[in-house]
Amino acid sequence: MKAEEAALELIHDSRGIPLPEQADWWRAATLASPLPTRVHPERAESFSVRVAALTLGDTLMNAVSRGSESASRTAALIRRSDPETFQLELVTSGRKFLAQAQRSSEVTPGQLVLYDSSQPLESRSAPPGSGSGPTTSLIVHVPRRLLPVPARHAATLIAAPIQATQGPGLLLAQFLRGLAAGGGGSTSGYGRARLGTVMIDLMGAVLAHRLERDALQGDAGERVLSLRIHSYIRHHLTHPELTPASIAAAHQISVRSLQRLFRAEGTTTTELVRLLRLGRAAQALTDPRQITVPVHAVGARWGFPRAADFSRAFRSVYGMPPGEYRLRAQAGAPSQEPVAER
């Protein structure tokens, strides 16, 4: 595999644009992006912006420095283009005011905030206090289907500041700052994908920690139970006895109650386990350290003891048999996205 430098690439820089044209240039750039947004620089005569990007597997991180501006993403702009992602933004200087899903908040340095590309949004970036410096932030974009917590639970955290000075929030903040500083180093395409997996896992840990804390404070027992069941499943994927009955028994509920819980999330226990196992198998197939492990052995490790069953299930999700998927990864060809719970 070809090694690449896992460093941010500058994709927008107003310094190369004549000052009188910068505001119009930035408005056009944001409207033409995959996440079209209408921006209004507050001081067009002195506005500046820089945006760098780092793609890690199916995730994207942006490092953004911008002057004071307001921004809106309307229903019309969502219909034009919606990547169906969640964004988790770490504010590193300045302030961000954000309103979405009938909630609003002010986010300050050392805090994270979650928002959804599929819902209208209003925001404003402002310098610290009465100063004139830029607002800077690191933004993670994760496809909704790859979020490690149920999307309907994550949606309850939209526009709610999350502390990044302790616990999982601090770990994610340190990871993002390390990447922004070039901490990814020189790595293969697989290495970049693994960094993306780490980012998704850390984001999931941040959200799950906040959700469980809020649920315990509000006595929302069903949400706590759902989060614990999802975590239990992820930690027992290699166990052949991972069945609806064993999962229900481990949480002292009936199979019927378990099925009802997952029905509310738009899936079933069996389907979730199948998709997560296939996702882990896909990661193993592209892992250079496991290149000598036979395809059928990878399937067996992740819950598919019969090679034919593994091949059929894998093809149904990834559009190709597992052996071909491995060969394409070795050749550096793009492959289908890994699957995770919705």
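Each number in my numbering corresponds to the 1-based position in the sequence shown with 1052 added. The C-beta atom is built at its ideal place from N, Cα and C for all residues, glycine as well. Quick caveat: nothing in here was measured; it's all calculated off a predicted structure.
For F1099, which residues in the same chain have their Cβ closer than 6 Å to its Cβ, ignoring the five residues on either side in sequence? For this step, residue 1099 is matched to residue 47 along the sequence shown. Closer than 6 Å at the Cβ level, and outside the excluded window around F1099, lie Q1074, A1075, P1093 and G1119.
Determine the direct distance from the alpha carbon of R1280 to that of R1308, and round the result to whole angstroms. Along the sequence shown, read from residue 1 onward, the residue named residue 1308 stands at position 256. Along the sequence shown, read from residue 1 onward, the residue named residue 1280 stands at position 228. Going from the Cα of R1308 to the Cα of R1280 covers about 17 Å.
For T1398, which residues in the same chain have their Cβ closer than 6 Å to its Cβ, ignoring the five residues on either side in sequence? In the structure as shown, the chain starts at 1053 and stops at 1394, and residue 1398 therefore has no counterpart that could be examined.
What's the C-alpha gap between R1286 and R1067? Taking the sequence shown and counting its residues from 1, one reaches residue 1286 at position 234. Taking the sequence shown and counting its residues from 1, one reaches residue 1067 at position 15. Looking at the two C-alpha atoms, the distance is approximately 46 Å.
Could you give the distance in angstroms between the alpha-carbon of A1096 and the alpha-carbon of I1343? For the purposes of this step, residue 1096 is taken as the residue at position 44 of the sequence shown. For the purposes of this step, residue 1343 is taken as the residue at position 291 of the sequence shown. Distance between the alpha carbons of A1096 and I1343: 55 Å.
Where does R1095 sit, in a helix, a strand or coil, going by DSSP? In the sequence shown, counting from the first residue as 1, residue 1095 sits at position 43. Coil.
Which of the three DSSP states is assigned to S1169 in this structure? Position 117 of the sequence shown holds residue 1169. Three-state result, S1169: coil.
Classify D1134 as helix, strand or coil using the three-state DSSP reduction. Sequence index remark: in the sequence shown, residue 1134 carries index 82 (1-based). Reduced to three states, the DSSP call for D1134 is coil.
Where does D1271 fall in DSSP's three states? In the sequence shown, residue 1271 corresponds to position 219, counting from 1. Any reading at D1271 is ruled out, since the residue's pLDDT is 47, under 50, leaving its predicted position unreliable.
Is the Cβ-Cβ distance between H1193 and Q1226 less than 7 Å? Position 141 of the sequence shown holds residue 1193. Position 174 of the sequence shown holds residue 1226. Contact: no.
Starting from E1158 and walking both ways along the beta strand (DSSP E), at which residues does that stretch end? Locating residue 1158 in the sequence shown gives position 106, where the first residue counts as 1. Counting along the chain, the beta strand (DSSP E) containing E1158 begins and ends at R1155 to V1159.
DSSP-derived helix/strand/coil call for P1195: Within the sequence shown, residue 1195 is the residue found at index 143, counting from 1. P1195 carries a strand assignment under DSSP once its states are collapsed to helix, strand and coil.
Can you tell me whether E1264 is helix, strand or coil according to DSSP? In the sequence shown, the residue the question calls residue 1264 occupies position 212. Reduced to three states, the DSSP call for E1264 is helix.
Please classify P1202: is it buried, with 16 or more other beta-carbons within 10 angstroms of its beta-carbon, or exposed? Position 150 of the sequence shown holds residue 1202. The residue in question, P1202, is buried, as its Cβ has 16 or more Cβ neighbours within 10 Å.
Taking only three categories from DSSP, how would you classify A1104? Your numbering for residue 1104 matches position 52 in the sequence shown. Strand, per DSSP.
Just to confirm, are H1288 and L1294 a CB contact at a threshold of 7 Å? As a first step, residue 1288 is located in the sequence shown; it is residue number 236 there, counting from the start. As a first step, residue 1294 is located in the sequence shown; it is residue number 242 there, counting from the start. Against a cut-off of 7 Å, the Cβ pair of L1294 and H1288 comes out as a contact.
Measure the Cβ-Cβ separation of H1282 and P1220 and say whether it is below 7 Å. As a working note, residue 1282 is residue 230 in the sequence shown. As a working note, residue 1220 is residue 168 in the sequence shown. No.
Could you give the first and the last residue of the continuous beta strand (DSSP E) run that contains V1116? Residue 1116 sits at position 64 when you count from the first residue of the sequence shown. Per DSSP, V1116 belongs to the beta strand (DSSP E) from T1111 to R1118.
Per the DSSP calculation, L1062 is bridged to which residue(s)? Taking the first residue of the sequence shown as position 1, residue 1062 is located at position 10. Answer is A1104.
If you draw a straight line from the alpha carbon of A1316 to that of R1197, how long is it in whole angstroms? What you label residue 1316 is simply residue 264 of the sequence shown in a count that begins at 1. What you label residue 1197 is simply residue 145 of the sequence shown in a count that begins at 1. Spanning the two alpha carbons is a distance of roughly 16 Å.
Is there contact between the region 1162–1178 and the region 1200–1216, where contact requires at least three CB pairs shorter than 8 Å? yes
Check the DSSP bridge columns for E1121 and list the partner residues they point to. Stepping through the sequence shown from its first residue, residue 1121 is reached at position 69. DSSP output for E1121 lists P1093 and S1177 as bridge partner(s).
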